[in-house]
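2 protein chains.
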Amino acid sequence: MTIYNFSAGPATMPQPVIQQIKDDLPSYKNSGMSVMEISHRSSLFDGIIADAEQDLRDLMNIPDNYKVLFFQGGGTLQFTAAPLNLATKYHRIGLLDSGHWADRAGDEASRVGVKVDVLDSTKDIKYTELPVLKDLKQDTYDYVHITTNNTIEGTAYSKIPDTGATELVGDQSSNFLAQQYKVEDFGAIMAGAQKNLGIAGLTIVIVRDDLIGKVKNLPSMVDYELFAKKNSMFNTPPVFAIYAAGLVLKWLKEQGGVPEMERRNLKKSGLLYDYLDNSKLFTAPVKKADRSLTNIPFITGDPDVDADLISKATAAGLLNIKGHRSVGGMRASLYNAMPYEGAQALVDFLEKYEADYWRTH
Amino acid sequence: MTIYNFSAGPATMPQPVIQQIKDDLPSYKNSGMSVMEISHRSSLFDGIIADAEQDLRDLMNIPDNYKVLFFQGGGTLQFTAAPLNLATKYHRIGLLDSGHWADRAGDEASRVGVKVDVLDSTKDIKYTELPVLKDLKQDTYDYVHITTNNTIEGTAYSKIPDTGATELVGDQSSNFLAQQYKVEDFGAIMAGAQKNLGIAGLTIVIVRDDLIGKVKNLPSMVDYELFAKKNSMFNTPPVFAIYAAGLVLKWLKEQGGVPEMERRNLKKSGLLYDYLDNSKLFTAPVKKADRSLTNIPFITGDPDVDADLISKATAAGLLNIKGHRSVGGMRASLYNAMPYEGAQALVDFLEKYEADYWRTH
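These protein sequence lines are chains A and B, in that order. Just so you know, full-length UniProt numbering puts 35 at position 35 of the first sequence, and the rest follows in order with no gaps. Just so you know, full-length UniProt numbering puts 348 at position 348 of the second sequence, and the rest follows in order with no gaps.
Structure below.
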């Protein structure tokens, strides 16, 4: 049986990458050591991390005045690190409250003493559309934080809000490299790796170099200036996760880069949205203009039907389509590594399930 | 050619573990997914993390009133986390300055506003013996921080300093599970995984439960109480690193546990120390009573000879014996996964090198 894994993260990875990782065991490049065992100060690893950075720069057209940093601790540690490093003038940030992860970012900023103003929120409509930035007061906020793609709620900014002279910080965790953004629109970008870039335990930060070094004596593991200076190797970095990310980045380049990924993701998600919008059983609750390409929640409105569907989908090899507990229903995550055939198999399954359903209801 | 990897970390892993990781690709337990792709909320991962915790509890005889937490960020993030969580009454800690990593721990504590008193230091003798705790003033420090094994300098506490009613926090990163300590002697233990427990990107914290929860609103990624409450899954944990650690823990149990590891490590390190102490070319600079079982620095006193030796050792498959830049010379790390044959091969090589050396000098 062919398995398709629709998990929101950790998530499906490109099969050639998994195969390469297997092939590289137990001896990486005939070194007699696996990547898990090589020193981060070795020439073998120098090549891995340098390639990963360069490939990411190529894929995202990252300008030279932006640093690429490799952190641990997930998006959550960056919700602490970003305000500590960047909210140094006004000690105040603006937040577009687009869902769970935006709210979490605001919460962590508050914990380190930074004031957080919610500029707009769509919480009252269960985050089924995106908050909108209107009349941003300049010279007030060190930055505005947005979540470019909301993993749980299934919304995404296809057009980035214009913050004028105020910096924009984007949490791109769940659509990183999956749709096209201009790095120059952001002062900083953060992204956990476990959705579109490999395995959990690695977080990428891309930050414009004039924004860092404004504050001294930060805890080292959240210090952007220190990580930039030490090439992300102040202490032992997550060697294996960086290696896996490097393989995913090479795969992305071979496939045609981010424009091709966006094209495929539009096609995959379009297939599913089209079906859902024409279905009498299922609803995709998110406003059309704000829909995510990578995370697609859908519901029947009947928890018993949802549970039956999820159970049958699992038995059919369509794994992890259970929705987040805060939204309920189902969610299909269609990241870069999900092939079109996976989206097709899911739609085929849903069509058949719906037909069976209407025969008995 | 048989390769032996003497790297101080990331370090050699048990070959059966590497083989198991390879065998588990691309499909873990016939799930159709690799461990890198499974959700941390899945029953597959529940089994992995629960087993890892239980096996660690069994191996270290961890009492029930101690929590086992899985963090990211290495020892360095714990140098921030420990004072934030534990230095809540006096905001002052005592430090036994035994080397680079002890100094780093003190530095990070200072960065979060905790006073650090160096209770003893052996910096003036290049850390070739351990600092000693004398006349500790009670009711002064939230805890005393020690580094049980000093990776760079090659010293280790075989007997834990008695801090009386003052708590002891131990950084066991480089001899974790490699020699026997009583968990009850510590209020908290921290250990990076990349030496004796698998791959970089995972840090274990073992902390007595009455010590946590004394302070609210910490950044989540350093909050011991939150991690305890959320079973280390407040956000996505480093799934693959926890899986690899779990395999290492199972291997350790099969081998006979920590007492057997300590016996083997005494035998391996004894072989090398005996040779070095009888050599006319090499010196092991550390005081005998304070020597590490896992990290063994040695020097010739002539950087050209050191460089020649390291180059020839590398060509002979004895990898990563270059000493840390702060000590110079050579260092052999003989962690649990290094077989006796590795230590023997190194001694054989050094004997032959020395014999050749005296023929020409």
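We put the beta carbon where it would ideally sit given N, CA and C, even for glycine.
**Report entry** Identity of the residue in 24(B), 37(B), 21(B) and 178(B) nearest residue 333(A) by Cα
**Finding:** With respect to the C-alpha of residue 333(A), the residue from 24(B), 37(B), 21(B) and 178(B) having the closest C-alpha is 37(B).
Query raised in the report: Taking Cβ positions, are residue 294(B) and residue 178(B) nearer each other than 7 Å?
Result: In this structure, residue 178(B) lies closer than 7 Å to residue 294(B) by Cβ.
Query - Contact list for the region 324-346 of chain A against chain B, Cβ threshold 8 Å - result: none
Report task. State the beta-bridge partners of residue 298(A) as determined by DSSP. Result -> According to DSSP, which records beta bridges pairwise, residue 298(A) is partnered with 330(A).
Query raised in the report: Looking at the structure shown, is residue 148(A) part of a helix, part of a strand, or coil, going by DSSP?
Result: coil
Query raised in the report: Is residue 118(A) near residue 97(A), with beta carbons less than 7 Å apart?
Result: yes
Requested in this report: Whole angstroms is fine: what's the gap from residue 210(A)'s alpha carbon to residue 156(A)'s?
Outcome: 28 Å
**Report entry** Distance between residue 201(A) and residue 78(B) (C-alpha atoms, nearest Å)
**Finding:** 16 Å
Query - Pick from 6(A), 282(A) and 74(A) that is closest to residue 199(A), judged by C-alpha positions - result: With distances taken between Cα atoms, residue 199(A) lies closest to 74(A).
Query - In chain order, each alpha helix (DSSP H) run of at least 4 residues that lies wholly inside the region 49-110 of chain A - result: Runs of the alpha helix (DSSP H) inside the region 49-110 of chain A: 74-86.
Report task. Please state whether DSSP places residue 357(A) in a helix, a strand or coil. Result -> Correct three-state label for residue 357(A): helix.
Query raised in the report: Distance, Cα to Cα, residue 267(A) vs residue 259(A)?
Result: 12 Å
Query raised in the report: Is residue 129(A) helix, strand or coil when you go by DSSP?
Result: DSSP places residue 129(A) in coil when its eight states are reduced to three.
Requested in this report: With 7 Å as the threshold, decide whether the Cβ of residue 12(B) is near any Cβ in chain A.
Outcome: yes
Query raised in the report: Would you call the CB atoms of residue 239(B) and residue 224(B) closer than 7 Å?
Result: no
Query raised in the report: When the distance is taken between beta carbons, is residue 25(B) closer than 7 Å to residue 34(B)?
Result: yes
Query - Buried or exposed (CB count within 10 angstroms, at least 16 for buried), residue 163(B) - result: Counting every other CB atom within 10 Å of its CB across the protein chains shown gives residue 163(B) a total of 16 or more, marking it as buried.
Report task. Return the CA-CA distance between residue 93(A) and residue 189(A), expressed in angstroms with no decimal places. Result -> Rounded to whole angstroms, the gap between the alpha carbons of residue 93(A) and residue 189(A) is 15 Å.
Report task. Determine, using beta-carbon pairs with one atom in the region 48-68 of chain B and one in the region 243-252 of chain B, whether at least three such pairs fall under 8 Å. Result -> yes
**Report entry** Segment contact flag, the region 13-29 of chain B with the region 336-344 of chain A, C-beta cutoff 8 Å, min 3 pairs
**Finding:** no
Query raised in the report: Does the count of Cβ pairs from the region 96-113 of chain A and the region 225-232 of chain A closer than 8 Å reach three?
Result: no
Query raised in the report: What residues in its chain sit with their C-beta under 8 Å from that of residue 261(B), if we drop five residues either side in the sequence?
Result: 177, 178, 179, 252, 255 and 336
**Report entry** Identity of the residue in 345(B), 142(B), 50(B) and 292(B) nearest residue 127(B) by Cα
**Finding:** It is 292(B).
Requested in this report: Determine, using beta carbons only, whether residue 295(B) comes closer than 7 Å to chain A.
Outcome: no
Query raised in the report: Considering only the beta carbon of each residue, do residue 349(A) and residue 319(A) sit closer than 7 Å?
Result: no
Report task. Anything in chain A within Cβ reach of residue 233(B), meaning under 8 Å, just list it in chain order. Result -> Those do not exist, as residue 233(B) stays about 11 Å from chain A at its closest Cβ, beyond 8 Å.
Query raised in the report: Which chain B residues sit within Cβ distance under 8 Å of residue 26(A)?
Result: 15, 18, 19 and 22
**Report entry** Alpha carbon of residue 101(A) to alpha carbon of residue 76(A), nearest angstrom
**Finding:** Their backbone Cα atoms lie some 9 Å apart in a straight line.
Query - Contact list for residue 240(B) against chain A, beta-carbon separation under 9 Å - result: 10, 199, 200, 201, 240, 241 and 244
Report task. Figure out for me which residue from 277(A), 132(A) and 9(A) has the closest Cα to the Cα of residue 41(B). Result -> Distances from the CA of residue 41(B) to each of 277(A), 132(A) and 9(A) were compared; the closest alpha carbon is that of 9(A).
Query raised in the report: Name the chain A residues whose beta carbon is nearer than 9 Å to that of residue 217(B)?
Result: 110 and 111
Query raised in the report: Going straight from the alpha carbon of residue 416(B) to that of residue 116(B), what length do you get?
Result: Any property of residue 416(B) remains undetermined from this structure, which presents chain B solely from 1 to 361.
**Report entry** beta strand (DSSP E) segment containing residue 188(A), residue limits
**Finding:** 188-192
Query raised in the report: For the candidate residues 296(B), 244(B) and 172(B), whose alpha-carbon lies nearest to that of residue 52(B)?
Result: 244(B)
Report task. With a 10 Å radius around its C-beta and 16 neighbouring C-beta atoms as the bar for buried, classify residue 184(B) as buried or exposed. Result -> exposed
Query - Contact belief for residue 80(B) with residue 221(A) at Cβ below 8 Å, rounded distance in angstroms - result: About 7 Å separates the beta carbons of residue 80(B) and residue 221(A), which is inside the 8 Å limit, making them a contact pair.
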